[in-house]
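Residue numbers for the sequence shown follow the UniProt record's numbering, beginning at 1 and rising by one. Just so it is clear, CB atoms sit at the ideal spot from N, CA and C, and this is done for glycine as well. What you are looking at is a predicted structure, and each value in this text was computed from that prediction instead of being measured.
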Amino acid sequence: ARSTHSDAPRARASPMLARAIARKRHAASRAASSWRARDVVATGSLESVPRSDASRSTEEVSSPRARASSDRATRADVPRWYSTSSRTPEDVHIAHTRTHVTKHLWRERLRKAESGKAATKLSEKLLPREPRTHSAVYVWQSDEEMREMYKSHGSGAVRMGRILEDLDSLAGNIAFFHADDDDDTTKTPQLVTASVDRVRLNRPLSLDKDVVLRGEVAFVGTSSMVIRMEADDDGAVEDATVDDDRTEPALAADFTFVARDPETNKSWPVNPLVCVSRRHKERAQEIQASILRKRLRSKKGDAVLNETLIKHRTEWVRSIRERACLNQEMPALTAGYNEVMTTQTMAENMFVAQPQQRNLSGRVFGGFLLRRAYELAFANCQLFSGGHPMFVEMSDIDFTLPVNIGDLVRFKCKVLHTVNAEEARCGKPSVYLEVRAIVTNPHKVTSAVANKFFFKFNVAEFAEADGTTTGEPVRLRRVLPESNDEALLIWDKCIRRTLCDDNDFDVRNNLSMMTT
């Protein structure tokens, strides 16, 4: 009887004990699976997880001491590919989102600046320097990672916005090394992008060919430098200089940099340029004449125009404003005239400037602003035309105000002018656009235009991914200005250049005498 009584509780307890053991084993199994999953996520490969980690015994994993030991062992085995401890001091100042070329150029400049970081004063001596060619090579054929960085949505097309970033970086390096006095006890003045006089694409760049980007100081004023850069798809001319006798380059650009005292923000003199070759001298005179033209137009206004141009401008503004007034007053009756107001072509975006977008001076990188403006203009051109935009040029870009980290920046883009294929010299429809970068401060209730960008795109018939097209040519609507001031702006930026060349302007204003 005693034996029967003592065995009964044990028999009744065995199902409870079995369930407890099952729960314990299930928890241990889940723990083992979680450790294995963590290893897979960290290493990115199932094969890289040691088999012993996934096949531990239930007792070993369920023990707290064993789990702690396993945790330490697992963490030690995980490769620290995500760590930044291996980055060089130069890389800390360079965002990972910058292009390969910009990273290389900035590292070069930082290494040079590192030798003089203990200097406390600017150099007051000026060293005459000859033009020195700087270059960067896009090895798209052999470097798949670089190719992916510059790849656009089109077949074999290059992402032009990235090239604009690199142009600003290369121009900054060229200006820096020209302004440096090779003395580690003195500082190089602060160099900022003052303007982009022009960036013209003569032939499309292709990822199927390596491209060489090179540039030199082409002209030096008192505190300013004009940097001329060119890109070509011929890798054999890597060591060539900008003024070599050859065919027109695929891309040409002129950037103007100014030197400032970082303490007072006043202008600072830079090393003069010594032009030895005939082509260097001719190039310097050409750029000097371009600077004088721009200065005269800004200072004298109508006085620099001949009577024919003034008459044409007056008639053009009157005619197009009449059309605009009819469109505004009677939109229902003028709907079939294939015309649209500039305000109807607006597109914009907005962002807060982040630390990852800064340059080596701590402000927002000018090349980043160029890229954002270009990409907005490209998208707006496609939205307006319905075709495929092909970049031709950007010009007359003035960096009026610096953009600082934390600024609220708004880009506004609108179409200024259109030319259909039968009216264009190149035989292709063209769209002219303006982009304004506006720095807004909601806390102080202030707003100011920091930059203005002007773009020209040709428009090709839109093609699907398989290459098929609609077979219909692109027809562009006529764009009408909202005011007389806007009409004058359109005439100056889009019309005037098609009516007269620089030689006519130079003769009228005696520029040949002023540049000799």
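Extent of the continuous alpha helix (DSSP H) to which residue i belongs
| i | result |
| --- | --- |
| Thr440 | Per DSSP, Thr440 belongs to no alpha helix (DSSP H); it is in the beta strand (DSSP E), Ser430 to Asn441. |
| Ala113 | His100 to Glu114 |
| Leu499 | Arg496 to Leu499 |
Host beta strand (DSSP E) of residue i (start-end)
| i | result |
| --- | --- |
| Gln328 | No beta strand (DSSP E) holds Gln328; the alpha helix (DSSP H) holding it covers Glu307 to Glu329. |
| Met225 | Ser224 to Asp232 |
| Ser135 | His134 to Tyr138 |
| Ser483 | Neither: Ser483 is in no beta strand (DSSP E) and is coded neither H nor E. |
| Gly215 | Val211 to Val220 |
| Leu476 | Looking at the DSSP string, Leu476 is not in any beta strand (DSSP E), and its letter there is neither H nor E. |
| Ser195 | Gln190 to Leu201 |
| Val340 | Glu339 to Met341 |
| Asp254 | Leu251 to Arg260 |
Chain C within 7 Å of residue i, Cβ atoms only
| i | result |
| --- | --- |
| Phe391 | Absent from the structure is chain C; it holds one protein chain and no more. |
Own chain partners of residue i with C-beta closer than 6 Å, once the 5 adjacent residues on each side are dropped
| i | result |
| --- | --- |
| residue 520 | Residue 520 is absent from the model: the chain starts at 1 and stops at 516. |
| Val419 | Ser430 |
| Tyr432 | Leu416, His417, Lys456 and Cys494 |
| Phe378 | Pro389 |
| Trp81 | The pLDDT assigned to Trp81 is 40, lower than 50, so where the model puts this residue is not dependable, and the model offers no usable value. |
| Thr334 | Leu326 and Asn327 |
| Phe255 | Ala171, Val196 and Ile227 |
| Ala119 | Thr185, Thr186 and Lys187 |
| Arg436 | Lys412, Val449 and Lys452 |
| Ala253 | Leu167, Val199 and Met229 |
Same chain, Cβ closer than 7 Å to residue i, five either side skipped, listed in chain order
| i | result |
| --- | --- |
| Gly161 | Arg371, Tyr374 and Glu375 |
| Arg478 | Asn338, Glu339 and Thr418 |
| Lys121 | Thr186 and Lys187 |
| Asp183 | Ser123 |
| His312 | Leu499 |
| Pro249 | Asn202, Glu230, Ala231 and Asp232 |
| Phe351 | Val409 |
| Asp245 | Low per-residue confidence applies at Asp245: pLDDT is 49, beneath 50, and the placement is therefore not dependable enough to give any value. |
| Val274 | Pro128, Arg129 and Glu130 |
| Glu348 | Arg410, Phe411, Lys412 and Cys413 |
CB-CB length for residue i against residue j, believed under 8 Å
| i | j | result |
| --- | --- | --- |
| Asn451 | Val392 | Not confirmed; about 20 Å, so no contact. |
| Leu251 | Leu201 | 5 Å |
| Trp491 | Trp316 | 6 Å |
| Asp233 | Leu205 | 7 Å |
| Ser115 | Asp181 | With 8 Å as the limit, Ser115 and Asp181 do not qualify as a contact, their Cβ atoms being about 12 Å apart. |
| Glu434 | Phe454 | 6 Å |
| Val196 | Ile397 | 4 Å |
| residue 529 | Thr343 | Given that the chain is displayed from residue 1 to residue 516, the structure contains no residue 529 and the question cannot be resolved. |
| Gly368 | Glu165 | The sequence given here places Phe at residue 368; Gly does not occur at that position. 7 Å between Cβ atoms; contact. |
| Ala324 | Met341 | 7 Å |
| Val461 | Gly387 | The sequence shown places Glu at residue 461, not Val. Correct: roughly 6 Å between the Cβ atoms. |
| Val139 | Ile174 | About 21 Å separates the two Cβ atoms, so there is no contact after all. |
Contacting residues, own chain, Cβ-Cβ under 8 Å from residue i (five flanking each side not counted)
| i | result |
| --- | --- |
| Asn271 | Leu126, Leu127, Pro128, Arg129, His178, Ala179, Asp181 and Val220 |
| Val276 | Glu130 |
* To do: Give a yes or no on contact between the region 268 to 283 and the region 127 to 134, applying the rule of three or more CB pairs nearer than 8 Å.
  => At 8 Å Cβ cutoff, the stretches touch.
* To do: At 3 residues or longer, and completely inside the UniProt domain "HotDog ACOT-type" (343 to 463): list those beta strand (DSSP E) runs for me, N to C.
  => Counting whole runs of 3 or more residues, the UniProt domain "HotDog ACOT-type" (343 to 463) contains the beta strand (DSSP E) stretches 347 to 352, 388 to 399, 408 to 419, 430 to 441 and 446 to 460.
* Asked: Taking three-plus beta-carbon pairs below 8 Å as touching, is the region 255 to 262 in contact with the region 220 to 228?
  -> Yes, since at least three Cβ pairs between the region 255 to 262 and the region 220 to 228 fall closer than 8 Å, the two stretches touch.
* To do: May I have a chain-ordered list of the alpha helix (DSSP H) segments no shorter than 4 residues that lie completely inside the region 129 to 186?
  => Counting whole runs of 4 or more residues, the region 129 to 186 contains the alpha helix (DSSP H) stretches 144 to 149 and 160 to 179.
* Asked: Are at least three pairs of beta-carbons, each pair with one atom in the region 135 to 154 and one in the region 186 to 197, less than 8 Å apart?
  -> No, the region 135 to 154 is not in contact with the region 186 to 197.
* Assess, as a yes-or-no matter, whether the region 351 to 370 is touched by the region 151 to 158 under the definition of 3 or more beta carbon pairs within less than 8 Å. => Touching, no.
* Evaluate the contact criterion for the region 403 to 412 versus the region 481 to 488: three or more CB pairs, one atom per stretch, below 8 Å. => In short, these stretches do not touch, since the Cβ pair count stays below three.
* To do: Could you pull out every unbroken alpha helix (DSSP H) segment of at least 4 residues lying fully inside the region 267 to 304, listed in chain order?
  => Segments of the alpha helix (DSSP H) lying fully in the region 267 to 304: 278 to 300.
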